[in-house]
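The listed protein sequences correspond, in order, to chains A and B. First residue of the first sequence? That's 13 in the numbering used here, and the numbers climb one at a time after it. First residue of the second sequence? That's 755 in the numbering used here, and the numbers climb one at a time after it. Beta carbons: idealized from backbone N, C-alpha and C, even for Gly. Have a look at the structure below before the remarks.
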Amino acid sequence: MAMSKTIVPGKKRTFLEWARSRDGQKVFVMIAFMVIPLVLLFTFTYLPFAEMFGFSFYKMKYLGERKFVGLKNYIKVFERDDCFGALKLSLYYMAGSIVQLALSLYLATVLSFKVKGGNIFKGFMFFPYLINGIAVGFIFKFFYTRGFVFDTVLQWCGFQLDNLPYWLRDQRINNISLVATSVWRYFGQNMVLFIGAIMSVDSELYEAAMLDGANKFQQFIYIILPSIKTIITLNVILSITGSLSAFEPPYVITDGANGTGTYFVVMHEIAHTQQKVGLASAMAIILLMIIFAATILQKLFFKYVFKNAEDEDINAAVRREKKLARMAARKAGK
Amino acid sequence: MSFRKIARVILTALKYLSLVFFSFVAVLPIVSCVVTAFKTDVEYQSTNVMTMPESWLYFKNFTYAFQNAHMGKAFINSTIILICVLLVSTLVGTQLAYVLNRFKFPGNNLIRNLFLFASLLPGVAMQISVYEIMTKLGFINSLIGYIIMMCGTDVISIYIYIQFFENIDYSLDESGIMDGASYFTIFYRILLPLLKPAIVTSCILKGVGTYNEYYNANLYLQDKKLLPTVATSLYTFVGPQGSKYNLICAGVIISLLPALIVFVTCQNQIYSGLTAGAVKG
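Laid out in structure tokens, this is it:
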């Protein structure tokens, strides 16, 4: 039976026969295993995405009638101060994430070499990442309250309470206070990622470098940095798109009051409190387009930079070789 | 030589000083919360926040916060959500990764990219229209609805699984096929047990995320008395009780105890999970 089937491929099998064959099983397994994830993906990502695009052309609430208004929502987003102006706050978050990356890179480098109590330090610094957002909100409302934790610690350091600003109310400083909480929460997580990347560098490279007499700083510049540049780039890209869509710190700590409302906080307020769904959708679509543009630009930029960096790496290697040769020659001369 | 030695000592001192300083910064906000959670109302109002409480055995704030914020109910709900979400998303995620890794078919790459692209969309923005869909499905104020929404497999765990499948030799599948096992049997009996390390890793990541999720829980589980999760139960303290920080801190500490316990016990798995997720993601 089986042989005759393979000999005469043109012969049509009945559906049942096909279903029992390997090919049929394959298709069944594929369908059975992919239906649920794909249905979830479409219902909670792509369908809402399409709907949101549609909403952005209507004046509407979640319930009740809808009125087609064309591009009016988009025009409004650019006209209203509280919408587009809120994107300026992203600069604070970008600056914060650069500080965060530098800090966690430093700590990761320190901790990947032998350090007494390294695991305890790592644990302390990582733990904030595991706290839920609302708890973080309360912790920092408490932390920054006038005369409370932060002010007390600063007073220990010799500051006068009268000279200290209201950390969450003073518009000159409150965005920085909020960004600091985000750095507090994520620098440990970033550090753990970097440690993981540094650990995956071949340890022979360090040994070789030590034999060549390279100090810790040179090891960092010539070995660690080049080998973890991919993950650093990834984090830079994530941090820039992340700062455009900054949401959590102002949402849980100040609720966007006193000029701390980032773009998404304003959008959330417009969508769920004021129920201007159309306007909020237009805001979302505009920001998504900005994020995509930023992502693509950054990818291109880093591709370009890396191309140059790699060339430089080769030069650096050549220079190193020459230097070593010179040193060897000098030693031999002695 | 001696100059070098001095320089090295100074550098080491600076290194440890910076480590101690940043650990202090990381821990200070939490420690101040713990200190305040043990204070009586009178003590809280009369002493500085950083003065130690009179007694470390004053647990009334904890019991009051626990009852007032319906945290008993919240722990039950969070546990149900956690178990269901982890079960479903592990099963769905591993199955999807199996098909994407083992079968070549047109659209394989398209599906991978669809998931990847989905991860670029910020959740807060998507909730504008997801809210509409959840309303239509009758999923507002429904634990099941919330669970289903949270099950949407995330890209990171799919990548962890796919990466893991790549390292499992295909000859295992082949020997199964030779023995006449169906694809289901091969997946459940042979491959799934081998995936255990990857499953543990992504369950820890997803578990932490689910336990701490509050934005959607707040949006879709609006009945805070019947359907609180541990994270949203803390919303009880917004409003009239907004300045009784000895109570609030007690609530906060209760809510982060489970995370602390998991962290202390599976520290290394959490680290490796994060790293595995990030390198591929």
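### Task
Use the C-beta contact count for G934 of chain B: other C-beta atoms within 10 angstroms, 16 or more gives buried, fewer gives exposed.
For G934 of chain B, the number of other beta carbons within 10 angstroms of its own is below 16, and it is reported as exposed.
### Task
Return no unless some Cβ of chain B is closer than 7 Å to the Cβ of M203 of chain A.
no
### Query
Which residue from A:H280, A:N247, A:M222, A:F65 puts its Cα closest to that of L973 of chain B?
Among A:H280, A:N247, A:M222, A:F65, the Cα nearest to that of L973 of chain B is on A:H280.
### Task
From the DSSP output, in three-state form, read off F859 of chain B for me.
Coil.
### Query
What does a CB cutoff of less than 7 Å around P140 of chain A pick up in its chain, not counting 5 residues either side in sequence?
Only W196, R197, G200 meet the Cβ criterion.
### Query
Residues in its own chain within less than 7 Å of I1024 of chain B by CB, not counting five upstream and five downstream?
I958, F1017
### Task
Run down chain A in chain order and give the residues with a C-beta less than 9 Å from the C-beta of G906 of chain B.
P49, L52, L53, T55, F56, T57
### Task
Give me whichever residues DSSP pairs with M72 of chain A in a beta bridge.
A:R78
### Message
Am I right that A269 of chain A and A283 of chain A are in contact with their C-beta atoms under 8 Å? What's the rounded C-beta distance?
### Response
Going by Cβ atoms, the distance from A269 of chain A to A283 of chain A rounds to 18 Å, so no, they are not a contact pair.
#### Entry: CB contact check: Y937 of chain B to chain A, cutoff 7 Å
yes
### Query
Measuring CA to CA, which of A:T193, A:E77, A:C169, A:T26 is closest to P262 of chain A?
A:T193
### Query
For the alpha helix (DSSP H) that contains I240 of chain A, what are its first and last residues?
Premise fails: I240 of chain A is in no alpha helix (DSSP H) and is neither H nor E.
### Task
Please state if the CB of V204 of chain A and the CB of L1028 of chain B are separated by a distance shorter than 7 Å.
yes
### Proximity test, Cβ basis, 7 Å: V161 of chain A and chain B
Output row for V161 of chain A: interface = yes.
### Query
So what's P876 of chain B in DSSP terms, helix, strand or just coil?
coil
### Query
Do you know whose CA, among B:E808, B:R762, B:N966, B:V884, lies nearest F829 of chain B's CA?
B:N966
### Query
Helix, strand or coil for K288 of chain A per DSSP?
coil
### Query
What are the start and end residues of the alpha helix (DSSP H) that includes I894 of chain B?
Element bounds for I894 of chain B: n/a, residue is neither H nor E.
### Task
Whole angstroms is fine: what's the gap from A780 of chain B's alpha carbon to V248 of chain A's?
Going by the C-alpha atoms only, they are around 22 Å apart.
### Query
Terminal residues of the continuous alpha helix (DSSP H) containing H280 of chain A?
Per DSSP, H280 of chain A belongs to the alpha helix (DSSP H) from 275–280.
### Message
Taking CB distances under 7 Å as the criterion, tell me whether F1017 of chain B reaches chain A.
### Response
yes
### Query
Secondary structure at L142 of chain A, three-state DSSP: helix, strand or coil?
helix
#### Entry: Residue span of the alpha helix (DSSP H) that contains R34 of chain A, given as start and end
34–53
### Message
Distance cutoff 7 Å, beta carbons only. Does T164 of chain A sit that close to anything in chain B?
### Response
yes
### Task
Kindly list the residues whose CB is nearer than 7 Å to the CB of T272 of chain A, restricted to its own chain and excluding five residues on each side of it in sequence; keep chain order.
N186, N187, L190, P262, T266
### Message
Can you tell me where the alpha helix (DSSP H) holding W810 of chain B begins and where it ends?
### Response
Element bounds for W810 of chain B: n/a, residue is neither H nor E.
### Query
Does the beta-carbon of Y316 of chain A have 16 or more other beta-carbons within 10 angstroms, so that it is buried, or is it exposed?
exposed
### Task
Compare the beta carbon distance of Y915 of chain B and A872 of chain B with 7 Å and say whether it is the shorter of the two.
no
### Residue burial classification, T955 of chain B (beta-carbon count within 10 angstroms, cutoff 16)
buried
### Query
Leaving out five residues before and five after Y156 of chain A in sequence, what residues of the same chain have Cβ atoms less than 7 Å from its Cβ?
Within the same chain, Y156 of chain A has close Cβ partners F162, W179, L180, S189.
### Query
Along the segment 134–157 of chain A, what residues have a CB closer than 9 Å to any CB found in chain B?
For the segment 134–157 of chain A, which is checked against every Cβ of chain B, the residues closer than 9 Å are K134, G135, F136, M137, F138, F139, P140, Y141, L142, I143, N144, G145, I146, A147, V148, G149, F150, I151, F152, K153, F154, F155, T157.
### Task
Could you tell me whether the Cβ atoms of F56 of chain A and G963 of chain B are closer together than 7 Å?
Not closer than 7 Å, so no.
### Query
According to DSSP, is D933 of chain B helix, strand or coil?
coil
### Task
Apply the 10 Å Cβ neighbour rule to N802 of chain B and answer buried if 16 or more other Cβ atoms are within range, or exposed otherwise.
exposed
### Three-state secondary structure assigned by DSSP to D94 of chain A
Of the three classes helix, strand and coil, the one that applies to D94 of chain A here is helix, per DSSP.
### Query
Quick one: is K1034 of chain B near chain A, going by C-beta distance under 7 Å?
In this prediction, K1034 of chain B has a pLDDT of 46, which is less than 50 and means its spatial position is unreliable; what the coordinates show is noted afterwards. No, no contact with chain A.
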